[in-house]
Every structure is written in C-alpha cells, then in structure tokens.
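Each residue of the sequence shown is one higher than the one before, counting from 1352 in this note's numbering.
The beta carbon of each residue, even a glycine, is placed where N, CA and C say it ideally should be.
Structure record follows, encoded as structure tokens.
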Amino acid sequence: MPTLFRFVVTLAVLAGIAYGAMFALAMFVEPKKAEMSVRIPAEKLNPKKN
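Right, dumping it as structure tokens:
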C-alpha cells in the first residue's frame, strides 16, 4: 500500500507543477498584438461548377 500511496502523491505533485506552470504562463506572458492579412485567390471564393 505505501507504494501505491507514493505513486498517487507523485502524480499529484506533477499535476500541481503542470497546473502552476500553465497558470504562470497565462498570468505573466502577454501575447503580441499584430494585424494579419491573408490573400485568398478568387478561384477559392467562387469555384467554377462543372
């Protein structure tokens, strides 16, 4: 039983570290804002039907 308990505790600690890392990224990293434009060929907008 102690081995199973140690395994569960290890998984909980790893999950806590992953959650903390995601929380830190969400709180402290600001995305860069930039305009984006993509050219779409006219053939894709109005495909010719056969």
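In whole angstroms, what is the alpha-carbon distance linking residue 1376 and residue 1385?
20 Å
Tell me the start and end of each unbroken alpha helix (DSSP H) in the region 1371–1400 that is at least 4 residues and wholly inside, in chain order.
1393–1396
Straight-line Cα distance separating residue 1374 from residue 1355:
28 Å
Inter-residue spacing [alpha-carbon to alpha-carbon] between residue 1366 and residue 1360
10 Å
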